[in-house]
Amino acid sequence: MQIRNHCLAGVPVRRKNNGREGFTLLEVMLVLLILMTLAGAGVFAWRNYAAVAKERQAGLLVAEYARVLDAYYGLYDCYPATQEGLDALRNCPPSIDPSNYKPVVTGEIRVDPWGSPLNYEYPGSSGDDDFDLWSNGPDMQSGTQDDIWYKR
Ligand SMILES: [Ca+2]
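Quick look at the structure:
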């Protein structure tokens with residue numbers, strides 16, 4: 019890019035470049051529009067990724083507590099009753115002799131990625147000697163389509 023300067027009566031004058039050097043307002047607006055579209059698509063993709071990651075995390079949490087419940091079953095030959103809930107994994111429930119009780123979980127019972135406690139019922143809906151365990155999912159409501167269930 020060369021700019022030629024001319025002198026008119028001793029005053030330097032910059033010559034017009036007939037629009038070839040620099041960007042028009044339309045070009046700048048078009049570039050901004052493209053950048054905003056790409057940024058919007060990036061934010062959407064990231065939110066979708068974060069939602070999928072939380073659902074996977076909830077599935078892993080449910081599976082982890084199912085294994086802990088099986089460990090409990092291995093020790094006491096029963097699952098905790100619905101009323102005893104997952105708290106029976108760390109505090110002696112009424113159905114177990116306290117002198118024989120050892121907690122299978124230390125610390126708090128973890129909640130799902132949306133902050134809701136897991137749901138637990140025993141006996142479960144299968145009718146077998148098994149439990150139901152599920153997360154409420156993103157809507158934090160039980161009994162809706164986004165619930166995340168433990169399945170054997
Ligand atoms: Ca739900």
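Mind the numbering: the sequence shown is residues 19 to 170 in this note's numbering, read in order. Heads up, the beta-carbon is just placed ideally off N, CA and C, and yes, glycines get one too. Only a predicted model underlies this, so the values are computations on that prediction, with no experimental measurement involved.
- Under the 10 Å beta carbon count, Ser153 is surrounded by 16 or more other beta carbons and is classified as buried.
- Buried is the label assigned to Leu107, since at least 16 other Cβ atoms lie within 10 Å of its Cβ.
- When rounded, the separation of the alpha-carbon atoms in Ala68 and Arg74 is 10 Å.
- In this structure, DSSP gives Asn154 a state outside helix and strand, which the three-state scheme calls coil.
- Assigned with DSSP and collapsed to three states, Asn66 falls in helix.
- Following the DSSP letters along the chain, one finds Tyr138 inside the beta strand (DSSP E) bounded by residues 137 to 139.
- With contacts defined by Cβ atoms closer than 8 Å, Val129 and Val86 do not form a contacting pair.
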